[in-house]
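To convert, take the position in the sequence shown, counting from 1, and add 2; that gives the working numbering.
A virtual CB, placed ideally from N, CA and C, is assigned to each residue, including glycine.
Quick caveat: nothing in here was measured; it's all calculated off a predicted structure.
Following: one structure in structure tokens, then a few remarks.
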Amino acid sequence: MSADTGAGEADAGARVGVIGAGYVGLVTGVCLASLGHRVVLRDIDEAKVERLNAGDVPIYEPGLEALMAEHRERLEFTESLKRLLDASEIVFIAVDTPPTYSGDADLSRVHRVLDELQATGADARHVLVMKSTVPVGTGERLRAELDARGLDGVGYCSNPEFLKEGAAIADFLEPDRVVIGDFRPEDGDRVEALYAPLGAPIMRTSVPSAEMVKYASNAFLATKISFINEIANVCEEVGADVDVVAEGMGLDKRIGPAFLRPGVGFGGSCFPKDVAALKQLAGNSGYHFQLLTSVIEVNELQKRRVINKLKKHLETLEGRRIALLGLAFKPDTDDIREASSLVLAARLLAEGAHVTAYDPVVNGLGERLAGVEIHSSAEGALAGAHAGVLVTEWRSIVELDWSAVRPSMATPLVIDGRNALDPASMLDAGYVFEGVGRLPEALR
Ligand code: UDX
């Protein structure tokens with residue numbers, strides 16, 4: 003690493019830039035500052051830069067605001083790429099790479115960054131580090147583009163993120179591994195040095211392999227979820243209890259207990275997008291990734307299974323009042339991207355049901371689901387309902403006083419879409435109760 007930090011005072015940290023102060027960029031920048039590096043974050047959104055400079059974090063991520071305040075003196079927010087390049091040597095790219103209609107990734111923001119780097123005069127001091135998830139092969143194409151633009155001295159590495167929303171700080175500071183792909187080992191060495199204070203396992207590899215680790219990991223985790231969801235569905239048929247089955251499977255070290263929780267399907271900004279992108283990527287290169295096709299289909303069907311369970315008990319959904327409890331794609335986030343609640347709400351409305359909903363932080367599902375009646379409490383959503391569906395296992399919903407709520411419902415039916423409620427207590431409280439892959443009578 004360069005000995006001259008340019009920070010004036012003796013400073014052991016590196017000089018880092020982060021382009022894009024969105025979710026990934028902000029977490030990366032703040033965490034790197036907490037490791038002792040000087041970090042300049044650049045965003046094109048003027049209002050966002052102003053908010054950040056005022057110490058205000060525009061996203062919901064536990065612990066981020068406090069960590070940012072703690073390391074404020076090593077953080078700078080700017081709109082100027084020139085300022086970022088002047089002040090930094092290792093430059094993370096953390097801009098959006100949303101899916102296009104074909105399922106490919108939209109790399110227009112990355113290309114805009116290359117235009118700007120060329121115009122601003124990036125040089126051999128700089129190493130670009132791709133944090134955003136990009137299709138395998140992107141790094142090689144960008145390397146060629148940099149060379150063609152006369153930026154052959156600028157380094158390029160791939161360093162994928164593995165951050166879970168709601169636990170992003172811990173995921174960054176205590177990672178299972180840090181993956182670094184490079185074209186020149188000296189560039190990878192500089193990136194590796196940034197992470198040295200973590201003492202985490204560091205894997206060095208080629209750029210395409212690093213890009214692939216990200217997709218393969220997310221696709222594997224999604225496969226685990228679809229797999230346990232199918233096991234759950236079979237358990238319902240044969241009278242086995244999926245939670246016990248998952249526990250028994252997880253004790254095998256080769257399988258492990260994580261990501262074996264059955265439910266109403268996976269959602270969020272990463273899994274659905276990345277699984278589809280990997281399937282697409284394989285398809286584009288002539289390989290039909292059959293397994294992923296099934297993983298996606300199982301997930302779609304899983305979101306809809308609740309509808310049949312409701313019909314089994316209520317006969318019809320026409321005119322029935324159904325309460326959805328939890329709307330975010332998982333607890334502790336305000337994110338509803340690809341959330342199972344969206345599909346469930348739309349299906350219920352299409353069946354003629356009257357849909358009520360409650361979420362501790364999400365207070366609307368947008369215009370297309372304007373028919374959903376949002377309540378400010380779970381009790382309010384459940385009052386007069388013919389059924390309640392637990393969609394997201396927020397702690398406050400799980401810990402509701404279910405006995406007290408029951409008399410207010412039109413029929414005491416609860417479908418637990420996350421196996422988060424205790425079946426015996428629900429039956430004792432007088433509910434007709436179903437979970438996923440477990441038969442309440444057998445649990446008594
Ligand atoms: C995920 C990856 O975990 C992370 O490494 C990657 O960088 C981004 O995508 P995130 O989208 O924040 O992170 O959510 P995660 O906690 O992994 O959950 C994803 C979805 O799977 C949620 O809808 C969750 O409810 C569901 N899930 C998870 C299950 O249904 N069962 C499980 O056992 C685990």
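Measuring straight from C-alpha to C-alpha, what distance separates residue 23 and residue 434? 47 Å
Under 9 Å, do residue 533 and residue 270 count as touching if we go by C-beta distance? Because the chain is modelled from 3 through 446, residue 533 falls outside the range shown and cannot be assessed.
Let's test the definition: count the other Cβ atoms within 10 Å of the Cβ of residue 19 and tell me whether it reaches 16, buried, or not, exposed. buried
Find the nearest neighbour of residue 322 within the set 334, 366, 386, judged by alpha-carbon distance. Among 334, 366, 386, the Cα nearest to that of residue 322 is on 386.
Whole-Å CB distance - residue 184 paired with residue 156, under 8 Å assumed: Residue 184 to residue 156, Cβ: 13 Å. No contact.
Tell me whether the region 297-310 and the region 349-364 touch, counting them as touching only if at least three CB pairs, one residue from each stretch, are closer than 8 Å. Touching, per the Cβ criterion.
Using a threshold of 8 Å, is the CB atom of residue 55 nearer than that to any non-hydrogen atom of the ligand UDX? For the ligand UDX, no non-hydrogen atom lies closer than 8 Å to the CB of residue 55.
Looking only at its own chain, which residues have a Cβ that is under 7 Å from the Cβ of residue 145, when we skip the five neighbours before and after it? 158, 185
Measuring from the CB of residue 264, is there a heavy atom of the ligand UDX at a distance below 8 Å? yes
Counting C-beta neighbours from all protein chains within 10 Å, is the total for residue 8 16 or more, i.e. buried, or is it exposed? Per-residue confidence for residue 8 stands at a pLDDT of 41, beneath the threshold of 50, marking its modelled position as unreliable; the derived number appears in the next sentence. Exposed: under 16 other Cβ atoms inside 10 Å.
Just to check, is the beta-carbon of residue 447 closer than 8 Å to a non-hydrogen atom of the ligand UDX? Look at the range of the chain in this structure, 3 to 446, and you will see that residue 447 is not part of it.
Where do the ends of the beta strand (DSSP E) carrying residue 323 lie? 323-327
Which residues mark the beginning and the end of the beta strand (DSSP E) in which residue 436 is found? 434-436
Classify residue 418 as buried or exposed, calling it buried when 16 or more other Cβ atoms lie within 10 Å of its own Cβ. buried
Enumerate in chain order the residues of its own chain whose CB-to-CB distance from residue 192 is below 8 Å, with the five nearest sequence positions on each side excluded. 3, 16, 91, 92, 129, 157
Give a single yes or no on whether residue 299 has its beta carbon closer than 8 Å to a heavy atom of the ligand UDX. no
From residue 79 to residue 416, what distance separates their C-alpha atoms? 48 Å
As an exercise, report each continuous alpha helix (DSSP H) stretch of at least 4 residues that is fully enclosed by the region 252-327, in chain order. 273-286, 292-316
By DSSP, does residue 101 sit in helix, in strand, or in coil? strand
Whole-angstrom distance between residue 277 and residue 301, CA atom to CA atom: If you draw a straight line from the Cα of residue 301 to the Cα of residue 277, it comes to about 11 Å.
If you reduce the DSSP assignment to three classes, tell me which class residue 374 lands in. coil
Would you be able to state if there are at least three C-beta pairs under 8 Å between the region 64-71 and the region 102-116? no
If you run the structure through DSSP and keep just helix, strand and coil, what is residue 27? helix
Check residue 390 in the structure and name its three-state DSSP category. strand
Heavy atom of the ligand UDX within 8 Å of residue 65 beta-carbon: Residue 65 has its CB no nearer than 8 Å to any heavy atom of the ligand UDX.
So, for residue 34: in the same chain, excluding its five sequence neighbours on each side, which residues have a beta-carbon less than 7 Å away from its beta-carbon? 18, 41, 196
With DSSP collapsed to three states, give me the class of residue 40. strand
To the nearest angstrom, how far is it from the Cα of residue 298 to the Cα of residue 408? 36 Å
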